[in-house]
Each structure stands twice: as C-alpha cells, then as structure tokens.
Amino acid sequence: MSATASSPLELRDVRGPSALGGGWRRSLELLYLIAATEFKRTYFGTALGYLWSLCRPLLLFAVLLAVFTHVVRLGSSVLHYPVLLLMNIVLFGFFQEGTNTAVGSVLNQEAIVRKTQFPRLVIPMAVVLTSAFNLILNLVVVFIFILAFGVTPMITWLLFPVLLLWLALITAAVSMILSSLYPRFRDVGIIWAVFATALFYATPVLYPVERISGAIGKLVALNPLSPLFELARRWIIDPHAYVNTQPLYVIVPTVLTVGICVSAVWIFNREAPRIAEAL
Amino acid sequence: MSIDAETGVTAVASAPREMSGRPVVIEARDVTKTFRIPHHRIDSLKERATHPFTRQRFRELRALRTISFDVHLGEFFGIVGRNGSGKSTLLKIMASIYRADGGRIRMAGRLAPFIELGVGFNPELTSRENVALNGVLMGLSRQEARCKLDAVLDFAELREFADLKLKNYSSGMMVRLAFAVMVEADADIMLIDEVLAVGDAAFAQKCMDVFRARREAGKTVVLVTHDMATVQSFCDRAMLIHDGEVRYIGDPEEAALRYYRLNFAGDGQQAATGGVPDINARLIGAWLENAAGERVENVEQGERIGFNVIFEARHDLVNPVFGFHFLSADGRIVFGFNRTLELAEGQPDVLEAGRRVRISGSIENRLMPGRYYVSTLISRNRSHGDLALHVLRLLDFMVYGTQPGPGPVSMDADVEATLETS
C-alpha cells in the first residue's frame with residue numbers, strides 16, 4: 000500500500016466532480032504532464048515542428064510590417080516600430096491561441112471528462128500552459144530581433160515576467176469562462192473567434208495607444224489588455240513611451256481584469272460538477 | 000418476490016465469505032440522482048437570446064432514489080441490474096464523475112475507477128508517455144508512475160513497443176496496455192464497469208484472475224455487470240438495482256436469481272437466453288413431454304407434464320440438492336420442489352465430476368393457460384449452506400387451453416351453490 004494511503008480506513012466524503020478534484024498536487028502533476036506531452040508532440044514529432052509554429056507570427060509580422068511602414072506609414076514615426084510590432088504580435092498571439100484552443104478543450108476531452116475522475120480545471124489550463132511554452136520559445140526569437148534592431152538592454156527588462164504572468168492570468172481566466180460555457184452554448188466558439196479578432200484591433204498591438212484619439216481611443220484605453228501592452232512597450236523597447244496614467248484608465252482596466260478573474264472562478268466552479276452531464 | 004421456505008426450495012445460504020466483521024470502506028447513504036432532460040435543448044446563446052422568456056421544460060429522470068449500502072474491506076462486491084436501472088450512474092457518482100443530488104457517499108482509501116478501458120489514452124503519444132499520464136490519472140504521483148512503468152510494460156508484454164505511438168498499436172495491444180495500467184495502479188478500491196466486455200474469453204479470464212488476486216491482497220473490488228456468471232462465481236455479495244432502487248443486497252446467487260426473474264418476467268422484451276452460468280454443473284438437456292411421451296414445447300391445460308432435466312457435474316458435488324421453480328410470466332413462483340440423489344445403501348451422496356444426473360417424472364398440471372418458465376438452483380453441502388450453482392432458466396413453455404380463470408392455478412373445488420330454503 001502506498002504511503003498516501005497511510006490510514007486507509009478513514010472514511011472520507013465523496014464530493015463529486017469539481018474544478019480541482021483529487022487535490023492540488025494531483026492537478027498540478029496532471030497539468031504539467033499534459034501540457035508537456037502536448038508540447039513535445041508538436042515540436043519533437045516533426046523535424047521542422049518548431050520552425051513551423053514560428054512561421055505564423057513571423058509571416059503575420061512581415062505582412063503587417065509591410066502594410067504599416069509602406070502603406071499606412073505609421074511605423075516610420077514610432078521608435079523601433081518593427082520589433083515593437085513583433086513583440087506585440089507574439090504576446091497577443093499567445094492570448095488568442097490560448098483562448099481559441101481552450102474554448103473547445105473540455106468538449107474535445109469528452110471521454111476523459113465522462114469516464115474518469117479528472118480535475119476539470121486542468122483541461123483548459125493545460126491548453127494555456129502549452130501556449131505558454133510556445134510563447135516562451137517565441138519570445139527568445141523576439142529578443143534576438145530586439146537586440147539585432149539595436150535596442151539597448153534595460154534594467155526594466157527584468158520586469159517582463161510580471162507582464163507575462165499578468166497576460167497568462169487573463170488568458171487563463173478567459174479560457175476558464177469559455178471552456179465551461181461551451182458545452183452548454185455551442186455558439187460561444189464562433190462568438191469568441193469574432194470577438195478575439197475585434198479585440199486584436201482594439202488593443203494597442205499594431206499602433207501605439209497615443210496615436211488613437213476620440214471615442215475609439217478612449218475605448219481602446221479602457222481595454223484591460225491595453226495597459227499591459229503599453230507597459231511592455233515602455234519597459235522593453237522605449238523607456239520614454241507614453242503610458243496612460245489617468246486614474247480612469249488605470250482603474251477601469253484593473254476592475255475589468257479583476258472582474259474577469261472572479262467571474263471565471265465563479266462560473267467554472269458552478270459548471271464543473273455538471274459538465275459531464277451536459278456533454 | 001422472495002424465495003422462501005414456503006416454496007419448498009432450499010433456503011438461500013449466506014455469502015461464501017463472511018464480510019460483515021470487516022471495516023466498511025464504502026458507505027453510501029440515501030444517494031439520489033435525478034437527470035433533468037430538456038424536451039427541447041437550448042444549446043446556443045442565440046436561442047437563449049431570441050427566446051428569453053421561454054422557460055425550459057424538463058422531463059425528470061430519477062436515475063437513483065435513496066440508494067444505501069456498505070462495502071467492506073477486501074470484499075468483491077457486485078452491482079447488477081438491467082440496462083437503465085441506474086447501476087452505471089451509481090458507479091459514476093462513486094467515481095466522482097457525476098455529483099449526487101442528495102445523500103452521502105464516503106470512502107476509505109485510494110480509488111481507481113475503470114469505466115472503460117483505455118480512456119485517456121492519447122493515440123499520438125507513445126505507450127511510455129501514456130502510462131505515465133494514466134498512472135497520475137489513477138492517483139499515483141509522477142515518481143510512482145515512472146517506477147511502475149516497467150511493471151506495466153511487462154504485464155502487458157509490450158516492452159519492445161514502449162516507444163511506439165499508440166495509434167500504431169493493434170486494438171488487442173491497446174487493451175492489454177490499458178488493463179496493465181489498471182492492475183499496476185494498485186488502488187485500494189477498484190470500481191469496474193463492464194470492462195470485461197472487451198477482449199476475448201482468455202482475456203476475460205485473465206481479468207478475473209487479477210481481480211481475485213487483488214481481493215486476496217485485501218483490495219476492495221466493486222464490479223458493475225450484467226453477466227451473472229461473473230457475479231455468481233466471483234462476488235462475495237451483490238446488490239440488485241432496479242428502477243433506481245436497491246431491490247436486494249446479499250448473496251450473489253440470490254441476486255442473480257432475482258435479476259433473472261426481473262429479466263424474464265414482465266415485458267419479456269429482454270428475454271435474454273445467453274449468459275447462463277455453468278461453472279459447477281452443466282445443463283445437458285431439459286425438455287417437456289406430453290401424456291403420450293412425445294417431446295413438446297407447450298402443454299395442454301390439465302394434461303400431466305412429463306419433466307426431464309439432465310445435468311453433468313463439472314466438479315464433485317457433495318450432497319447435491321436440485322431445486323426447481325415454476326414461475327408465471329410475472330415472475331411469481333407458482334410452485335417448486337427439491338430433489339436429492341436416490342442412493343443405494345451406503346453409497347456416498349456425491350455426484351462426481353463428469354457424472355450425469357437425470358431428474359425426470361411427471362407433474363400434475365393445474366396451471367391456468369399462460370406462459371410459464373422453470374428455473375433451477377443446484378446447491379451442495381447443504382448443511383454448510385454452500386451454494387454451488389446457479390440460477391438458470393431451463394424451460395419456457397405455454398399452457399394452452401380454453402378454461403382461463405383467476406390466478407395461475409386451478410384447484411379442484413368441490414363446492415356448490417344451492418338455494419337455501421327459508
């Protein structure tokens with residue numbers, strides 16, 4: 000008998016399925032194992048695996064760079080615009096890939112959900128973690144570009160992990176909401192795909208936030224992702240970059256972020272016990 | 000519906016292994032579960048938005064109503080019932096896949112549910128990776144799972160294929176691997192749902208050997224099945240569930256008998272004939288004859304029934320008792336009788352392995368027109384209360400005639416109605 004069952008005769012309540020059924024340790028181990036194997040599968044299965052996954056952001060980067068430096072001519076007036084664009088695309092790409100894959104994740108794992116005792120939360124989180132591994136690899140490339148473009152390393156680079164954790168938190172929270180609602184409302188997937196695309200333009204990814212004015216500009220500034228991208232720009236690329244510090248534009252995104260996280264936990268906890276029945 | 004002394008058949012003996020003294024490891028109290036099945040399922044936000052005020056209407060399916068039972072340490076506990084009786088729902092609640100609406104289940108020790116073999120296997124991963132993943136799923140730590148890897152691969156006899164992706168495995172290899180994972184997970188309580196349905200007879204045998212070994216090692220096994228042969232030969236106790244209620248808990252023979260009765264009685268739509276157990280004795284033949292001595296399928300009302308049954312013993316049966324029940328279509332016992340071997344002076348009361356016994360004769364027929372069947376119960380070691388067999392439906396026949404009446408039998412009633420002189 001294993002050490003974990005040192006007192007095997009102590010009766011414990013069976014509480015039914017939940018977000019973290021089976022305890023933290025088991026959930027974390029499963030999370031790591033699933034994300035790691037999935038990651039390995041994508042990158043070590045094929046010789047060009049990693050290069051392929053890098054192709055998408057790089058191609059998008061090349062197209063957008065061409066558009067914004069030669070057609071719209073926004074880029075030429077922004078310091079280090081190409082690397083700023085690349086970094087932003089990689090960061091937003093993580094959010095988009097993570098959430099889009101997470102939407103259907105619980106449904107796709109139907110067999111596991113319906114036939115094993117599986118902590119529900121692990122499923123969307125594994126998707127986010129896999130995307131996070133991906134992000135870290137991509138960021139290595141981004142930093143090579145940043146150095147190649149002559150950006151001088153700054154002490155604020157050390158703050159970058161804070162931003163990454165922040166982004167991961169939002170991504171995880173949104174993934175939790177989407178993946179738990181999707182089994183009940185199948186059009187969540189379509190709605191989110193459209194919404195995420197809209198969000199791409201409503202977030203200062205392609206442009207610096209100070210270039211947008213008027214009502215749209217205010218809307219962009221209220222987006223919970225905006226401060227993150229503004230800070231990333233200032234901390235990594237241009238120490239003199241504009242960051243909106245008006246109280247309204249600090250408080251609203253913060254409240255929204257906290258709201259998303261709280262509702263994610265609430266919705267997921269509410270749905271988790273019944274997900275197996277809704278499938 | 001009970002099998003009692005009044006029917007003249009051997010009183011049902013207690014379970015072969017006495018378990019009640021051991022500590023309880025699964026305790027279920029008044030577990031209920033109701034599924035709400037919508038008449039029209041709303042599964043998009045669009046529909047929600049376009050019909051915001053239509054209340055969803057549900058049909059309530061009461062899958063489980065106040066189920067209570069105990070399972071003791073080291074017990075092999077069977078849960079039987081027809082399709083839709085709620086047995087799988089119960090298992091899923093025990094396995095934390097569904098949440099019970101009411102009641103309470105408590106368990107002691109690490110639990111490994113096996114609702115289906117090979118769930119959670121990812122075909123894109125190698126068996127090495129799958130084993131690690133499944134081990135953690137079964138509640139092992141990653142370290143433990145890694146340690147067990149070799150044992151699993153050895154048990155499955157798949158060592159040389161450890162680094163092959165699972166999608167390249169044959170289905171037989173997959174089943175072996177899945178089963179090996181399950182065995183090596185070494186849980187304190189194993190919940191098993193019909194996993195034996197997969198694989199061939201040899202595999203099923205291997206499964207049962209393993210379960211028995213687990214039980215010998217003090218592990219508790221809960222098996223959901225509708226294979227009565229398994230229940231009768233392996234379970235210490237069994238529980239019969241019907242319509243979400245516990246109908247019987249106790250002796251597996253009795254549970255199997257009641258299960259058969261539920262199946263063969265009633266609507267008759269599930270007149271299963273397969274799965275007749277023949278572990279200790281084998282049925283060679285059973286038939287009815289009419290008064291002229293011809294074999295018949297059905298008998299005429301009032302005509303004496305020629306009754307013939309031949310068994311062959313598979314093991315030595317000591318002090319065997321052959322009990323027969325005649326049951327009506329609704330599962331009620333109409334009558335029954337027991338027979339022991341007719342022995343010469345000094346002959347031991349043993350039916351040796353391979354010997355055949357014939358039970359035959361004629362039976363008075365007072366049965367009303369309708370459908371009847373005969374089931375049998377063979378027991379041995381009567382004084383020890385050790386049941387050897389078996390519940391099986393021997394015969395299924397009609398009594399035809401033109402004088403129907405209330406109840407299953409007619410009796411000679413020498414009764415007249417006369418006008419009383421006042």
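These protein sequence lines map, in sequence, to chains A and B. The first sequence lines up with residues 0 to 278 when you count with numbering that gives the first Met the number 0. The second sequence lines up with residues 0 to 421 when you count with numbering that gives the first Met the number 0. By construction, the Cβ of each residue, glycine as well, lies at the ideal position given by its N, Cα and C atoms.
Do phenylalanine 159 of chain A and isoleucine 235 of chain A come within 8 Å of each other at the CB atom, strictly closer than that value?
Yes; because the gap between Cβ atoms is below 8 Å, this pair is in contact.
In chain order, what residues of the region 103-122 of chain B put their CB closer than 8 Å to some CB of chain A?
Of all residues in the region 103-122 of chain B, only Arg103, Ile104, Arg105, Met106, Ala107, Gly108, Arg109, Leu110, Pro112, Ile114, Glu115, Val118, Gly119 and Asn121 place a beta-carbon less than 8 Å from a beta-carbon of chain A.
Can you tell me which of A/Thr253, A/Asp12 and A/Leu27 puts its alpha carbon nearest to the alpha carbon of alanine 18 of chain A?
A/Leu27
Have a look at B/Leu124, B/Ala291, B/Val30 and B/Ala352 and flag the residue whose alpha-carbon is nearest the alpha-carbon of alanine 62 of chain B.
B/Val30
Between aspartate 42 of chain B and chain A, is the shortest Cβ-Cβ distance under 8 Å, so that the two count as touching?
yes
Is there at least one Cβ from chain B nearer than 8 Å to valine 257 of chain A's Cβ?
no
On the DSSP letters alone, give me the boundaries of the beta strand (DSSP E) that threonine 33 of chain B sits inside.
Here the beta strand (DSSP E) through threonine 33 of chain B covers 23-37.
How long is the line joining the alpha carbons of histidine 52 of chain A and glycine 103 of chain A, rounded to whole angstroms?
It should be noted that the sequence gives serine, not histidine, for residue 52 of chain A. Roughly 20 Å separates the two Cα atoms.
Identity of the residue in B/Gly119, B/Arg105, B/Leu60 and B/His71 nearest isoleucine 33 of chain A by Cα
B/Gly119
Is glutamine 108 of chain A buried or exposed, if buried means 16 or more other CB atoms sit within 10 Å of its CB?
By the 10 Å Cβ count, glutamine 108 of chain A comes out buried.
Anything in the region 69-96 of chain A with a Cβ closer than 7 Å to a Cβ of chain B? List those residues in chain order, please.
Residues of the region 69-96 of chain A that bring their beta carbon within less than 7 Å of a beta carbon in chain B are absent altogether.
How about the region 343-362 of chain B and the region 299-308 of chain B: do they share at least three Cβ pairs that are nearer than 8 Å?
yes
Neighbourhood of histidine 383 of chain B by C-beta distance below 6 Å, restricted to the same chain and skipping five residues each side:
Because histidine 383 of chain B sits at a pLDDT of 48, beneath the cut-off of 50, its placement in the model cannot be relied upon, and the following sentence gives the value as read from the coordinates. Excluding sequence neighbours, histidine 383 of chain B sits near nothing in its chain.
Against chain A, which members of the region 82-102 of chain B pass a CB distance test of less than 8 Å?
Lys91, Ile92, Met93, Ala94, Ser95, Ile96, Tyr97, Arg98 and Ala99
Buried versus exposed call for glutamate 37 of chain A [16 or more other C-beta atoms within 10 Å across all chains shown]
buried
Verify whether the separation of the beta carbon atoms of alanine 131 of chain B and leucine 157 of chain B is less than 8 Å.
no
Assuming leucine 261 of chain B contacts arginine 81 of chain B under a Cβ cut-off of 8 Å, what Cβ separation, rounded to an integer in Å, is found between them?
6 Å between Cβ atoms; contact.
Looking at the secondary structure, which residues open and close the beta strand (DSSP E) in which asparagine 307 of chain B lies?
304-312
Work out the CA separation of glycine 15 of chain A and leucine 316 of chain B for me, nearest whole Å.
Looking at the two C-alpha atoms, the distance is approximately 47 Å.
With burial defined as no fewer than 16 other Cβ atoms inside 10 Å of the residue's Cβ, what is the status of threonine 401 of chain B: buried or exposed?
Its Cβ having fewer than 16 others within 10 Å, threonine 401 of chain B is exposed.
Using beta-carbon positions only, say whether serine 178 of chain A and proline 123 of chain A come within less than 8 Å of one another.
yes
Please confirm whether valine 414 of chain B and leucine 366 of chain B have their CB atoms less than 8 Å apart.
no
Chain-ordered residues of the region 130-141 of chain B with a beta carbon less than 8 Å from chain A:
Going along the region 130-141 of chain B in chain order, one finds Ala131, Leu132, Val135, Leu136, Gly138, Leu139, Ser140 and Arg141 with a Cβ nearer than 8 Å to chain A.
Give the straight-line distance between the Cα atoms of threonine 196 of chain A and valine 254 of chain A, rounded to the nearest whole angstrom.
The alpha-carbon atoms of threonine 196 of chain A and valine 254 of chain A are separated by roughly 23 Å.
Unbroken beta strand (DSSP E) run spanning phenylalanine 336 of chain B, endpoints
From DSSP, the beta strand (DSSP E) with phenylalanine 336 of chain B extends over 332-339.
Can you name, in chain order, every residue of its own chain whose Cβ lies under 6 Å from the Cβ of arginine 175 of chain B, other than the five neighbours on each side?
Ala155
Counting contacts by CB-CB distance shorter than 8 Å, is threonine 100 of chain A in contact with chain B?
no
For valine 245 of chain B, collect the residues of the same chain with a Cβ closer than 8 Å to its Cβ; drop the 5 residues on either side in sequence, then sort them by chain order.
Ile66, Ser67, Phe68, Met238 and Leu239
Assuming serine 378 of chain B and valine 320 of chain B make a contact with CB atoms under 8 Å, what is their CB distance in whole Å?
5 Å between Cβ atoms; contact.
For the beta strand (DSSP E) containing arginine 158 of chain B, name the first residue and the last one.
It is not in any beta strand (DSSP E) - arginine 158 of chain B carries neither H nor E in the DSSP assignment.
Using only the alpha-carbon positions, how far apart do alanine 275 of chain A and leucine 146 of chain A sit?
About 49 Å.
Give the secondary structure of leucine 63 of chain A by DSSP, where H, G and I count as helix, E and B as strand, and everything else as coil.
Here leucine 63 of chain A carries a helix assignment [DSSP, helix/strand/coil].
For chain A, check one thing: does any of its Cβ atoms lie closer than 8 Å to the Cβ of alanine 412 of chain B?
no
Taking 8 Å as the threshold (C-beta atoms), are leucine 72 of chain B and proline 122 of chain B in contact?
no
Beta carbon of arginine 232 of chain A, beta carbon of proline 272 of chain A: below 8 Å?
Taking 8 Å as the Cβ cut-off, arginine 232 of chain A and proline 272 of chain A do not qualify as a contacting pair.
Check whether chain A comes within 8 Å of lysine 45 of chain B, counting only Cβ atoms and requiring the distance to be less than that.
yes
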